[in-house]
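I have placed the structure first, in the form of structure tokens, so that the comments after it can refer back to it.
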Amino acid sequence: MTLTMTRADGGRVEVVCGSMFSGKTEELIRRLRRALLGRLRVQVFKPAIDTRYHDTKIVSHSALALEAEVVRDPRELLSLVRADTEVVGVDEAQFFGHELVDVVQTLADRGVRVILAGLDQDYLGRPFEPVPQLMAIAEDVTKCHAVCTVCGGAASRSQRVVDASHNGRIQVGAAESYEARCRHCFEDPEKATKVIARAAG
318 MTLTMTRADG GRVEVVCGSM FSGKTEELIR RLRRALLGRL RVQVFKPAID
368 TRYHDTKIVS HSALALEAEV VRDPRELLSL VRADTEVVGV DEAQFFGHEL
418 VDVVQTLADR GVRVILAGLD QDYLGRPFEP VPQLMAIAED VTKCHAVCTV
468 CGGAASRSQR VVDASHNGRI QVGAAESYEA RCRHCFEDPE KATKVIARAA
518 G
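At position 65 of the sequence shown the residue is numbered 382 (the working numbering), and the sequence of numbers has no breaks.
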């Protein structure tokens with residue numbers, strides 16, 4: 318499917334989602350580079366919490382990179398979007414919280430093409446807000462799949478492979494902390510913890 322980028326299209330929302338290592342950021346960068354080649358005015362944003370590969374660039378696991386503005390929350394992002402900006406890219410959307418949905422709606426209603434990449438499920442395999450809400454309001458949703466590290470199948474989940482008991486839902490990491498897993502090879506960390514607790518009792 319080919320996505321058009323003409324100014325006449327007006328505002329729209331595009332969501333690129335999937336598990337860790339599925340190529341979400343790579344696809345985001347590809348679309349943003351095409352917009353730049355089309356001489357559209359583009360701004361790119363990333364959350365301040367994500368410093369894994371670079372402080373001021375969005376960087377894919379395959380090392381593709383694009384300069385970005387670092388923001389702490391959706392309201393700051395909105396305040397930094399210039400009046401003449403035509404395309405806004407947002408990486409790691411799951412780190413921005415529910416307020417991002419209203420900000421994205423505001424930008425799209427203003428005529429901006431908003432492209433977001435983010436995890437649609439957390440380390441427990443549950444919907445990772447606000448990405449599901451963004452998917453619901455989007456004109457276009459692309460679900461990316463990684464390769465399962467156990468069986469080689471299509472992976473849709475992010476398996477946390479370090480102790481998650483004290484870190485909660487958000488733990489920024491890469492290959493040292495996560496593996497891509499398919500539905501059948503994914504192990505629910507919460508269920509595993511309960512089994513261990515029962516055995517210890």
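C-beta atoms are modelled at their ideal positions from N, C-alpha and C, and glycine is treated no differently.
| query | In chain order, what residues of the same chain have a beta carbon less than 6 Å from the beta carbon of L353, not counting five sequence neighbours either side? | reply | The residues V359, in chain order, have a CB closer than 6 Å to that of L353 in the same chain once the five nearest residues on each side in sequence are set aside.
| field | Backbone CA spacing between D437 and R474 [nearest angstrom] | value | About 9 Å.
| request: Let me know the secondary structure DSSP gives I375 once reduced to three states. | output: Of the three classes helix, strand and coil, the one that applies to I375 here is strand, per DSSP.
| query | Which class does R351 belong to by DSSP, given the choice of helix, strand or coil? | reply | The answer is helix: DSSP assigns R351 an H, G or I state.
| task | Give a yes or no on whether 9 Å exceeds the smallest Cβ distance from V479 to chain E. | result | The structure shown has no chain E; it contains just one protein chain.
| Are F445 and Q476 closer than 9 Å when you measure CB to CB? | No, the pair does not count as a contact, with Cβ atoms beyond the cut-off.
| query | Under the three-state reduction of DSSP, which class applies to C499: helix, strand or coil? | reply | In the structure shown, C499 sits in coil (DSSP, three-state: anything other than H, G, I, E or B).
| Would the stretch 427-436 and the stretch 382-395 be scored as touching if the rule is three or more Cβ pairs under 8 Å? | Fewer than three beta-carbon pairs drawn from the stretch 427-436 and the stretch 382-395 are found closer than 8 Å, and the two stretches are therefore not classed as touching.
| request: Since I believe L417 is in contact with L383 (beta carbons under 8 Å), could you give me their beta-carbon distance rounded to a whole number of angstroms? | output: Separation of the CB atoms of L383 and L417 is rounded to 19 Å, and the pair is thereby denied contact status at 8 Å.
| said: Suppose the cutoff is 6 Å on Cβ atoms and the five residues either side in sequence are ignored; what does the same chain contact list for S336 look like? | reply: Here S336 has A463, A472, S473, R474, S475, A497 as same chain residues with Cβ atoms under 6 Å from its own Cβ, once five neighbours each way along the sequence are excluded.
| Considering only the beta carbon of each residue, do G327 and G428 sit closer than 9 Å? | Against a cut-off of 9 Å, the Cβ pair of G428 and G327 comes out as a contact.
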